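Residue numbers (my numbering): 2 to 436. The beta-carbon is built from N, C-alpha and C at its ideal position, and this holds for glycine as well. Predicted model only: the values in this text are computed from it and were never measured. Down below is the structure, laid out as structure tokens.
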Ligand SMILES: Cc1cc2nc3c(=O)[nH]c(=O)nc-3n(C[C@H](O)[C@H](O)[C@H](O)COP(=O)(O)OP(=O)(O)OC[C@H]3O[C@@H](n4cnc5c(N)ncnc54)[C@H](O)[C@@H]3O)c2cc1C
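Below is the structure:
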């Protein structure tokens, strides 16, 4: 050994951290993945709805969302997995997205789709009704709280149908996806340590030199990558790199409800992911013909910014409100007396777009600010991070001249400057989980 224990240490073994470790290992680097929890994917990845969709508010977001569909669609092939049956599954059911004034009838997004060449189909109101027999075609905007006397009342307008995106769906077991990536990384020579909390980022001669764990163990590597999810801010503070970031991150608490599916959205009947900005909800089929219902962050809901080491893990009324909002669109949704709920954290950036970048400390990198919408891109982000790290470590000045990355499935090149820590707030963002 040359005085270092590893070529690179990845802090966090969630879906993005495990993917980063895998891509670095595939390129021949000696990699160590670290996580303070007992197994891969036990952090916010485990609470993910794991929806895969190509519609985003930026060109790069659309291109990446479209590209990553092809990774999930050939998951075993991508991982070169010896036992495909043991892996998580991808249900490529597509995405149905309601057109409404809140999303500007999808005009901006469809313009990007056309420019990028991503396929979609119009779904006029009668076709939407044919696919989803109980769907209400009323508009309910703006989203309200239940104590508002107008909660649940249609506003007199109708929704002009939806758009269907065929290159999307969802991953059935997000935690297993992180484990799949970990196992592939181990096959490629990477090592992982669990129950291993990073407490200090080491420096030597003005660059990053490794980490010290909470139990005092020192691990030396010239490259350290912060993929700590909702703890990303804390790890960046530890490294002393926050000042050099124009875009910062913080943890936002979110609830996801789990209820029986309305007619037409059942997994057993090929139900699709359904995004409805008009009621500020999204949902996707889940096993047992249930659905998961998340929120599209309407202005009326308070944002619950938290300390990721000290927040309420118990459900509140929020998940029931999300069910009641989606029940405006699907009046046949049964609302159980106790709504089963997942509580977890988004790692939100100032403009709800991710940061995949170097830092002002040479050798210290970050894949953070996933803002509730980057599960899907994880395998792609792993490759982008490995590409970026190799370029910077070979002396490329990424801040002055951002590196490009080629998306091989959709044959499109994107500039990684769009996910720079130094960017100005991107005004094209939805400033919500839609990204
Ligand atoms: C409720 C919910 C629904 C979502 N739905 C979707 C969706 O439908 N589609 C989509 O694309 N995305 C979705 N997301 C977002 C997606 O799940 C996340 O972007 C993704 O899982 C983040 O992965 P990660 O590896 O960056 O973070 P994490 O999975 O949070 O992993 C970070 C890891 O870092 C570890 N760590 C932190 N600090 C330290 C330390 N000091 N030392 C060692 N280890 C440390 C943690 O233990 C953790 O395991 C959702 C997120 C949530 C919370």
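Buried versus exposed, by CB contacts within 10 Å (16 or more), residue i
{"i": "residue 2", "result": "Confidence at residue 2 is low in this model, with a pLDDT of 43, below 50, so the placement of that residue should be treated as unreliable; the coordinate-derived value is given next. Looking at its Cβ environment, which holds fewer than 16 other Cβ atoms inside 10 Å, residue 2 is exposed."}
{"i": "residue 292", "result": "buried"}
{"i": "residue 422", "result": "buried"}
{"i": "residue 69", "result": "buried"}
{"i": "residue 238", "result": "exposed"}
{"i": "residue 103", "result": "buried"}
{"i": "residue 384", "result": "buried"}
{"i": "residue 435", "result": "buried"}
{"i": "residue 10", "result": "buried"}
{"i": "residue 61", "result": "buried"}
{"i": "residue 306", "result": "exposed"}
{"i": "residue 274", "result": "buried"}
{"i": "residue 393", "result": "buried"}
{"i": "residue 270", "result": "exposed"}
{"i": "residue 395", "result": "exposed"}
{"i": "residue 374", "result": "buried"}
{"i": "residue 89", "result": "buried"}
{"i": "residue 150", "result": "exposed"}
{"i": "residue 441", "result": "This structure cannot settle anything about residue 441, because the visible part of the chain is limited to 2 through 436."}
{"i": "residue 288", "result": "exposed"}
{"i": "residue 96", "result": "buried"}
{"i": "residue 78", "result": "exposed"}
{"i": "residue 154", "result": "exposed"}
{"i": "residue 21", "result": "buried"}
{"i": "residue 148", "result": "exposed"}
{"i": "residue 377", "result": "buried"}
{"i": "residue 216", "result": "exposed"}
{"i": "residue 318", "result": "exposed"}
Presumed contact (8 Å Cβ cut-off) between residue i and residue j, rounded CB distance
{"i": "residue 243", "j": "residue 249", "result": "7 Å"}
{"i": "residue 332", "j": "residue 8", "result": "Contact doesn't hold; Cβ gap of about 57 Å is too wide."}
{"i": "residue 12", "j": "residue 260", "result": "No, residue 12 and residue 260 are not in contact; Cβ-Cβ is about 36 Å, not under 8 Å."}
{"i": "residue 295", "j": "residue 282", "result": "7 Å"}
{"i": "residue 312", "j": "residue 251", "result": "Wrong, their Cβ atoms sit about 12 Å apart, outside the cutoff."}
{"i": "residue 303", "j": "residue 195", "result": "About 35 Å; that fails the 8 Å criterion."}
{"i": "residue 493", "j": "residue 5", "result": "Residue 493 is absent from the structure shown; the chain starts at 2 and stops at 436."}
{"i": "residue 100", "j": "residue 160", "result": "6 Å"}
{"i": "residue 417", "j": "residue 366", "result": "No, residue 417 and residue 366 are not in contact; Cβ-Cβ is about 12 Å, not under 8 Å."}
{"i": "residue 74", "j": "residue 51", "result": "In fact, because the Cβ distance is near 14 Å, the residues do not count as touching under 8 Å."}
{"i": "residue 65", "j": "residue 381", "result": "6 Å"}
{"i": "residue 86", "j": "residue 193", "result": "In fact, because the Cβ distance is near 23 Å, the residues do not count as touching under 8 Å."}
{"i": "residue 433", "j": "residue 297", "result": "6 Å"}
Beta strand (DSSP E) segment containing residue i, residue limits
{"i": "residue 344", "result": "341-350"}
{"i": "residue 1", "result": "Residue 1 lies beyond the stretch modelled for the chain, which goes from 2 to 436, so this question has no answer here."}
{"i": "residue 408", "result": "405-408"}
{"i": "residue 415", "result": "413-416"}
Sheet register partners of residue i (DSSP bridge)
{"i": "residue 296", "result": "282"}
{"i": "residue 1", "result": "This structure does not reach residue 1, given that the chain is present from 2 up to 436, and the question cannot be answered."}
{"i": "residue 96", "result": "166, 274"}
{"i": "residue 365", "result": "225"}
{"i": "residue 34", "result": "11, 193"}
{"i": "residue 307", "result": "252"}
{"i": "residue 442", "result": "Only positions 2 to 436 of the chain appear in this structure, which leaves residue 442 out of reach."}
{"i": "residue 515", "result": "The structure shown does not extend to residue 515, since the chain is modelled only from 2 through 436, so no value can be given for it."}
{"i": "residue 122", "result": "165"}
{"i": "residue 79", "result": "Beta-bridge pairing links residue 79 to no other residue."}
{"i": "residue 91", "result": "172"}
Residue i, enclosing alpha helix (DSSP H) - first and last residue
{"i": "residue 69", "result": "60-74"}
{"i": "residue 234", "result": "233-240"}
{"i": "residue 115", "result": "108-117"}
{"i": "residue 383", "result": "379-394"}
{"i": "residue 127", "result": "126-132"}
{"i": "residue 25", "result": "16-27"}
{"i": "residue 325", "result": "319-330"}
Quick one: complete beta strand (DSSP E) runs, 3+ long, within the stretch 137-225?
-> 163-166, 170-172, 192-194, 199-205, 208-214, 219-221
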